[in-house]
Each structure stands twice: as C-alpha cells, then as structure tokens.
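Participant: Protein sequences, first through last, are from chains A and B. All residue numbers for the first sequence refer to our numbering, where the first residue is 697 and numbers rise by one. All residue numbers for the second sequence refer to our numbering, where the first residue is 697 and numbers rise by one. Take a look at this one; I'll ask things after.
2 protein chains.
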Amino acid sequence: MKLHERAILPKGFKCASRNCGIKEEGRDLSVFCSEVRANAAGVFTKNKFPGAPVILGREIIKNGALRAIIVNSRVSNVGTGVRGIENARRMAIAVSEEFGVPENEVIMSSTGVIGKQLPIEIIENGVRGISEILEADPVVGAKGIMTTDTYPKAISVSVDEAVITIVGKGAGMIEPNMATMLVYIFTDAEIETPVLDEMLRDAVRDSFNMLSVDTDTSTSDTCVIMANGLAGRVDEGQFRETLEFACIEMTKMLARDGEGATKLLLANISGARTEEEARFIAKAIINSPLVKTMAYGADPNIGRVLMAVGKCTDCDVRPEKIEIRINNTLVYANESRVNFDEAEVRKLLGSGNVEIAVNLNAGLGCGTAYGCDLTEGYIKENAAYYSS
Amino acid sequence: MKLHERAILPKGFKCASRNCGIKEEGRDLSVFCSEVRANAAGVFTKNKFPGAPVILGREIIKNGALRAIIVNSRVSNVGTGVRGIENARRMAIAVSEEFGVPENEVIMSSTGVIGKQLPIEIIENGVRGISEILEADPVVGAKGIMTTDTYPKAISVSVDEAVITIVGKGAGMIEPNMATMLVYIFTDAEIETPVLDEMLRDAVRDSFNMLSVDTDTSTSDTCVIMANGLAGRVDEGQFRETLEFACIEMTKMLARDGEGATKLLLANISGARTEEEARFIAKAIINSPLVKTMAYGADPNIGRVLMAVGKCTDCDVRPEKIEIRINNTLVYANESRVNFDEAEVRKLLGSGNVEIAVNLNAGLGCGTAYGCDLTEGYIKENAAYYSS
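As structure tokens, this is what we get:
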C-alpha cells in the first residue's frame, strides 16, 4: 500500500477555505462537501467538557449521512453553554443555505481558544459565496483548519477504483479518546453506514487513539468519514486495510508535527500478557517526559525506557524476561544492558525517527503508540499562548 | 505548626558527607546514623524495575530497626542484576565495619544513572574514616544525596520535647508510588515500629504520593523513618499530625525545586464523588503539560483546566456543577467563564505559587496534589543528560 504522491479529493468531493476575519491573517474557515449525499460515521472526544460542535455532532451523525463539513479555527466553541450550541447550529444553517443541502446533513467543528463565544456573524458572512470557490485539492481545505500545525496535512490512497483521502490537523492537546483532534476522511467508495461506522472505529482504535503529543485530551476531538459511493463498490477487506493504513500514516504525520516536535517517537510493544497491557505500556513510553526528552537529545538511555515500562505497575512486567530494542538495535536483555555501539545508535536517533521496541515475553499482546519528542518549542508555544 | 528556622538533627543522630570520587566534584556520599538502635519503617517505589538498594532495603526494613543509612549519588545501582545486589550489600558492610553496628541495621540508597555498576571500591574507600567527621547539621547529609536538585533540603519541626527532621532530594523522574525519590526522616521520639510504620504510610499517602514532577516513577524511590526514642514518649496524635505537616512541607520543597521549575503548582479538589476520584483529578491537573506550561506563562487559561478535569472520563465530572478558582479567584461557574480581573490573577500567578481549586459539587471527596511548572529548563536538563 502506498500514498499518492499528491493528495486529491475523491470523485464528487470539493473543498474551499478562506480568511473570513476570525484570525487577523491566514485562512480560518474551511468547507468540505460532496455533490451527492454520502454515508457517514464519526467518533468524538470522550472529554467530559465537549465543545458545542461535538455535542451537536453526536446527534447529527446519528442520521448516518452527510453532505458537508464546516470548520473554523482560532475559537473552539467549548465552555460556551446554550449560546455555543446555537452558534454551532448557525454554522450548519449557513452551509445549508449556501449549498442548498439539508441542515441536518452538515456537521461542524471549531478549534482554538476555549471559553470564548464564536464570532458567528463573521463566520456566516464567510460562508456566503464560498460555494463559488470550490476546489478539488484537499490541501486547500486543510489550510483552513490549522492552528499550531506547521503545515497543512492531506493524504490520499487508492482502493480498487476508489480513493480514500484524509485531511487532518493536530499539534497540541492531543491524546485522543475515540478520535483525534480534527480528522476528515473522504471516499468515493460505496459503503453502507453501519459498515462504515464499524470500519472507522476499528481504524481509529489503532491509529488516532494510539497517538499522544502531550497526554492532554482535547474537548474538540472529531473524526468523521464520508463515503459518497461515486466510485461504486470496492473489496471490503481491502478497503478496511487501506483505511487503517491511511489512518496510521496520518497519525504519524500528526505526531511528527506535534507542537515543538523534531522527531516521531514510536513505541512497539510485543509479548504482553494482553493487547490492553501492550497498548497501555506503549502509551506510557511515548507519554514519558523523560523518554520524550531522551528522543530529543538522541541518547539511547535504557534507564528511562526501563523506568517507563516498570511504572506500569498493574501490567505483567518481569525484568528477567524483557528485551528492548532502540531503532532495531538490541540494547537490553537478560536483565542487563547489552554492549552495543552507542555512537551508531545515537546517529540513528538523530535521524528523525525514534523507535522503541519492547518484547515482554509474557504473552501474545501487541500494540504500537505514536508520539513525538519534547522540546523547548513545546514550552515556548504553550507558555506564550494566551487565553485571551 | 511551624518549621524550625534552621533544621537540626534530633538527639542522638549525626550525619556526614564527602566527595569520595564518584563525581568529579561535589559531595557524592552521605551517611546518617543514630547512636542507639532506632525503630524504623520504610516505603519504596512500586516500579517493576526496582534498584538493588530497594530490593535489599525491603528485606532490611522488615527487622523494624536501623542504626544507619548510607546514600551515594551519581550512579543508581538499577538494572545491575546480581552484582548490583552484592554491591548494595557491600555498602552496608562498609558502614557496619566503620561504625561497629550490625550489617542488617544499615539501609542503603543509590541515585543517579541507571544501568551502570557502582564503583564499589571507591564507595568503600569513602566510608573509611567517615565516622570521624560526623556533624549535627542535616544539611551536611542533604548535600551528599543531591543529583539535579538546586539546593540541599532539610527541615525540622518539634513535637513536645521531640524533633522530626526530614532530609530529602527530588528534582526529576518523580511521581512516587508509595514513596518519593529519597526522603529520610529522623526523630528522637519514642514510637514502636508498627505504629511508626502505619504513621509513615499515612503521611506518605497525602504528601509524597501526591507529588509529581513529570509523571515518571523512579526505580529508586525510598522513604525511611528512624525513631531512636532519646526524647521519650510524645503525644501520638500530635506526632502523627506533625509528621504529616512536615512531609507536606518537604513535598512542596521537592515540587518547587522540580527540574527546571520556577513555580509550585498545587491542585486542590473538593466535592468529588470519592476521595480516590479527587486524588485522580488532582494528579491529572498537575501532570497536564498544558496546565504546567500555563503556570509557567502565568496565564489563567480556564480551557486547559476544564480539559484536564474533563479528561478524567471515569470520574463523576458534571460541567454544570463545577466551580474553578485560580489562586482564590473564582474563574468558572454555572458552565461559563466568570468575568474576573485577569490582570490581577496574572500578577498572582507570577508570584511563585499557582493554586488551582476545583469544586465538583458531586460528593465529599477531596485531595491535593503537588507539582511544578514545565519550562525550557526541564527540557535542557533532560535532553542533555547523557546516560553514559
């Protein structure tokens, strides 16, 4: 399986983005739409303070069909009470009027500062006329949803005659719980809603739900898939595999572009007692500030990996059985440090990917988690980010 | 209750420290001893990769009595197998010979790099003659156990005629589980071992076990108390309260001197469904990188606090009931941001203490956790820290 060199939107999908005036400069509003009704499914944050778009989105997605998605950046519409819900609905109404589609087939997201009301008139004004500037390039839509991302993210991959395209944003406040920050998946394959829903949940489980930039679960995480059927039926098994592949690729992109990140950090656990324990330990490794700073410093510090595995006190972790590899070099086995070529491993770690593989030799559970290093850049970005 | 202006060791306790040659400069070896046998109790890390001193220490403390404690810094004796256990034992033997006390009444700790063998001959050499330079000032002992701490930590407090003195070190890899990094408590009060053990566990529960610098649980966490009885019996209830007070004071010192920290971060949860949930949410707040960087930036970012509370998805968190105070200013209630004086709160946050109080209005559970802000200093210290 391999990504297209250049992302495209599947047949019948278009998008547009513009600066509508929420941000002083840069695009702050995106719309994605399908020319026909698309089967749809979605997963949302489990955070107990969900934003208004998440509260409303959970209702809308129950219909199992969508025509359009509208997203603004800069203000998240979280912690905004009844007025927030009303404003989220007005976003859908604006799109419904502009595109002539049913209001309940439009889903909305907002990302940015928490606790401020949306400048809803500005957004409504921005939607007017946006149907006249639609394009087939998903990067255009990706640009309007960025907050602290350093570049717009869109990827495409083929299944038979159909295409799967993912547009995503990430950067910070990322340890999704049932979704990632904002991810929209478009396909022209023909798939029934219940199957689509199940496929999405399966794919999210091993991709976006195994991503963590900073252990902090956003109040706005949303992942929606739209399948408009214009390319006809595809092999279901192959679609499932391809969707998961594409979701993992997008997960890696989001991880590598985490706030301040310079490297992708990947923890690969095998031989755990259960799959649940493997996933738990993988997350513990990629979330450990000491492992994250070790990745940044490109130092093969075995002690920190041992510590991170060992702090999973409810898991079956037996020091005498554990093997650790860093970027494919065996560094720990038989309860002691292996005599490996440190200079060589440092060079590998400097390259941009840090892969920590731990075999617990305790069972058949395995799992992979995705994160990034922790650098001064994260601190700068988040200490300087003012809430008002 | 109040701390002595200057810490002293209780009657019958002495300590010494020196540079024995493990570090190029600075003290790297400390000994604490009691002139008579002291009742003793201890708690240790729950990390699944405990260091050799922890493995051996768990056995030694079962005797319920100690004469001396020996600690080296720079090398932690973790991940060192059978030879590590042997070396830890040799530390106790060296003290036993130098002080003429039973070997099984000497407990040892090592702190520093993981995965390297102790330079045991250098340590044995360092112990020789150390009984001739004993002092009554606990700061002398505190100096020899420092790693990345910026200053030595020792506090004293009185109970009746007795004194409780705590010597501790912290800084990084701190989210203790049944103990903190290294904390030694000395008292001349007369208390039986089983009572001492219970009092220690109670005090640790609400102090060191509610401390987190970076969510990372060390493989060496140790907290030991010695009560030599030279000041006679004291009021038990008062001793218990004083011990807890002193442990919380030391916890705050360790938090505030976390690696790179500029501020103490305190989360005070009330009205939780259970005490367990209160403790869980308090930890979630002080461990959130976004809350930690907000503390550093002195910004009253309510969204990040909501996010951190809301990500405790298994707790009884109801947005409509929650009240949030930052440094005693009400900032969130009735599902929306309170109109408070932001400039004033920023000034308070700049002062060195960031206190976040959350009332969940869901029950009677309460709990407080202690942490620190996250700064470039943490990154620098830990990205530059080489394991060899």
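Think of the CB as a built atom: it goes at the ideal place given N, C-alpha and C, for glycine as much as any other residue. All of these numbers come straight from a predicted model, not from anything done at the bench.
(1) Am I right that B:L1085 and B:I781 are in contact with their C-beta atoms under 8 Å? What's the rounded C-beta distance?
(2) Are any of the Cβ atoms in chain A nearer than 9 Å to that of B:L986?
(3) Just how far apart, CA to CA, sit A:L725 and A:P848?
(4) Strictly below 7 Å CB to CB, what residues from chain A border B:E1040?
(5) Buried or exposed: which applies to B:A749, given that a residue is buried once 16 or more other Cβ atoms fall within 10 Å of its Cβ?
(6) Please confirm whether B:A855 has its beta-carbon closer than 9 Å to some beta-carbon of chain A.
(7) Which residues, in order along the stretch 979–1003 of chain A, keep a beta-carbon less than 8 Å from a beta-carbon of chain B?
(8) Strictly under 9 Å for the Cβ-Cβ distance: is B:K1092 near chain A by that measure?
(9) Which first and last residues belong to the alpha helix (DSSP H) in which A:G680 is found?
(10) Return the CA-CA distance between A:G956 and B:S806, expressed in angstroms with no decimal places.
(11) Using a Cβ cut-off of 7 Å, pull out every chain B residue sitting near A:I756, in sequence order please.
(12) Mind checking whether B:P706 and B:T883 have CB atoms under 9 Å apart?
(13) With a CB to CB cut of under 6 Å and the five nearest residues on each side skipped, what residues in its chain are close to A:T846?
(14) Taking Cβ-Cβ distances shorter than 7 Å, what residues in chain B pair up with A:V774?
(15) Report back the beta-carbon spacing between A:A968 and A:G1059 to the nearest angstrom; my notes put them in contact at under 8 Å.
(16) Assuming contact is defined by CB atoms lying nearer than 9 Å, are B:A991 and B:C1068 in contact in what I supplied?
(17) Among the residues of its own chain, which have a CB less than 7 Å from the CB of A:A942, if the five just before and after it don't count?
(18) List the residues that DSSP assigns as beta-bridge partners of A:I751.
(19) Which residues does DSSP pair with B:K979 in a beta bridge?
(20) Assuming contact is defined by CB atoms lying nearer than 9 Å, are B:I803 and B:I841 in contact in what I supplied?
(21) Within 9 Å of any Cβ in chain B, is that where the Cβ of A:F1093 sits?
(22) Relative to the C-alpha of A:A927, which candidate in A:E886, A:R936 and A:K948 has its C-alpha closest?
(23) Could you please give me the residues that DSSP links to B:E1019 through a beta bridge?
(24) Using Cβ-Cβ distances below 7 Å, what residues of the stretch 1025–1050 of chain A are close to chain B?
(25) Let me know the secondary structure DSSP gives A:E831 once reduced to three states.
(26) Would you mind stating whether B:F709 and B:S730 have Cβ atoms separated by less than 9 Å?
(27) Are the C-beta atoms of A:N743 and some chain B residue less than 9 Å apart?
(28) Going by DSSP, what residue range makes up the alpha helix (DSSP H) through B:V1119?
(29) With a threshold of 6 Å on Cβ separation, who are the neighbours of A:E857 within its own chain once the five nearest residues in sequence on each side are excluded?
(30) So, is A:D917 buried or exposed, given that buried needs 16 or more other C-beta atoms within 10 angstroms?
(31) Which chain B residues sit within Cβ distance under 9 Å of A:P749?
(32) Is A:D884 helix, strand or coil by DSSP?
(33) May I ask you to report which of helix, strand or coil DSSP gives A:R770?
(34) Can you tell me whether DSSP reads A:V909 as helix, strand or coil?
(35) Between B:G777, B:V835 and B:G796, which lies nearest to B:A703 when the distance is taken from Cα to Cα?
(36) When the Cα atoms are used, what is the spatial distance from A:I881 to B:K1076?
Facilitator: Working from what's here:
(1) Past the boundaries of the shown model lies residue 1085 of chain B; chain B is included only from 697 to 1084, so the question cannot be answered.
(2) Here residue 986 of chain B corresponds to residue number 290 of the second sequence, with the count starting at 1. Yes, because at least one Cβ of chain A sits closer than 9 Å to the Cβ of B:L986.
(3) For the purposes of this step, residue 725 of chain A is taken as the residue at position 29 of the first sequence. For the purposes of this step, residue 848 of chain A is taken as the residue at position 152 of the first sequence. A:L725 and A:P848: Cα-Cα distance of roughly 13 Å.
(4) In the second sequence, residue 1040 of chain B corresponds to position 344, counting from 1. Simply none; closest approach about 14 Å.
(5) Indexing the second sequence from 1 puts residue 749 of chain B at position 53. First, the amino acid is wrong: residue 749 of chain B is Pro here, not Ala. Around the CB of B:P749, 16 or more other CB atoms lie within 10 Å, so the residue is classed as buried.
(6) Here residue 855 of chain B refers to the residue found at position 159 when the second sequence is read from its first residue. In the sequence as displayed, the identity of residue 855 of chain B is Val instead of Ala. No, no contact with chain A.
(7) Within the stretch 979–1003 of chain A, the residues whose Cβ lies closer than 8 Å to some Cβ of chain B are N983, S984, P985, L986, T989, M990, Y992, G993, D995, P996, N997, I998, G999, R1000, L1002 and M1003, listed in chain order.
(8) With chain B represented from 697 up to 1084, any question about residue 1092 of chain B goes unanswered, as that position is not in the structure.
(9) In this structure chain A extends from 697 to 1084, so residue 680 of chain A is not present and cannot be described.
(10) Counted from its first residue, the first sequence places residue 956 of chain A at position 260. Counted from its first residue, the second sequence places residue 806 of chain B at position 110. Here the alpha carbon of A:G956 sits roughly 34 Å from the alpha carbon of B:S806.
(11) As a first step, residue 756 of chain A is located in the first sequence; it is residue number 60 there, counting from the start. Simply none; closest approach about 20 Å.
(12) On the second sequence, position 10 is the one that residue 706 of chain B refers to. On the second sequence, position 187 is the one that residue 883 of chain B refers to. Here B:P706 is near B:T883, since their CB atoms are less than 9 Å apart.
(13) Translated into the one-based positions of the first sequence, residue 846 of chain A becomes position 150. Same-chain partners within the cutoff: D953.
(14) Within the first sequence, the letter at position 78 stands for residue 774 of chain A. Result: G999.
(15) The count along the first sequence starts at 1 and reaches residue 968 of chain A at position 272. The count along the first sequence starts at 1 and reaches residue 1059 of chain A at position 363. Going by Cβ atoms, the distance from A:A968 to A:G1059 rounds to 6 Å, so yes, they are a contact pair.
(16) If you number the second sequence from 1, residue 991 of chain B lands on position 295. If you number the second sequence from 1, residue 1068 of chain B lands on position 372. Yes, they are a contact pair.
(17) Numbered from 1 along the first sequence, position 246 holds the residue referred to as residue 942 of chain A. So the qualifying residues of the chain are I851, V853, I860 and I862.
(18) Residue 751 of chain A sits at position 55 when you count from the first residue of the first sequence. Answer by DSSP bridge pairing: none, since A:I751 is not bridged.
(19) The residue labelled residue 979 of chain B in the question sits at position 283 within the second sequence. Note: B:K979 sits in no beta bridge, so no partner.
(20) Here residue 803 of chain B is taken as the residue at index 107 of the second sequence, counted from 1. Here residue 841 of chain B is taken as the residue at index 145 of the second sequence, counted from 1. In this structure, B:I841 does not lie closer than 9 Å to B:I803 by Cβ.
(21) Outside the shown range of chain A, which is 697 to 1084, sits residue 1093 of chain A, and nothing can be said about it.
(22) The count along the first sequence starts at 1 and reaches residue 927 of chain A at position 231. Here the closest residue by C-alpha is A:E886.
(23) Counted from its first residue, the second sequence places residue 1019 of chain B at position 323. Residue pairing by DSSP places B:E1019 opposite B:N1055 in a beta bridge.
(24) So the close ones are E1031, S1032, R1033 and E1038.
(25) Start at 1 with the first residue of the first sequence, and residue 831 of chain A comes out as number 135. Note: A:E831 maps to strand in three-state DSSP.
(26) If you number the second sequence from 1, residue 709 of chain B lands on position 13. If you number the second sequence from 1, residue 730 of chain B lands on position 34. Closer than 9 Å, so yes.
(27) One-based indexing of the first sequence puts residue 743 of chain A at position 47. Yes, because at least one Cβ of chain B sits closer than 9 Å to the Cβ of A:N743.
(28) Outside the displayed range of chain B (697 to 1084) lies residue 1119 of chain B, so it cannot be described from this structure.
(29) Numbered from 1 along the first sequence, position 161 holds the residue referred to as residue 857 of chain A. Hits under 6 Å: A927.
(30) What you label residue 917 of chain A is simply residue 221 of the first sequence in a count that begins at 1. A:D917 is classed as buried because its beta carbon has at least 16 other beta carbons within 10 Å across all chains shown.
(31) On the first sequence, position 53 is the one that residue 749 of chain A refers to. Within chain B, no residue comes near A:P749; the closest Cβ sits about 15 Å away, beyond 9 Å.
(32) If you number the first sequence from 1, residue 884 of chain A lands on position 188. Residue state, collapsed to three classes: strand.
(33) Your numbering for residue 770 of chain A matches position 74 in the first sequence. Strand.
(34) The residue labelled residue 909 of chain A in the question sits at position 213 within the first sequence. It is coil, neither helix nor strand.
(35) Sequence index remark: in the second sequence, residue 703 of chain B carries index 7 (1-based). Ranking B:G777, B:V835 and B:G796 by Cα distance to B:A703 puts B:V835 first.
(36) Within the first sequence, the letter at position 185 stands for residue 881 of chain A. Within the second sequence, the letter at position 380 stands for residue 1076 of chain B. Taking the straight line joining both Cα atoms gives about 39 Å.
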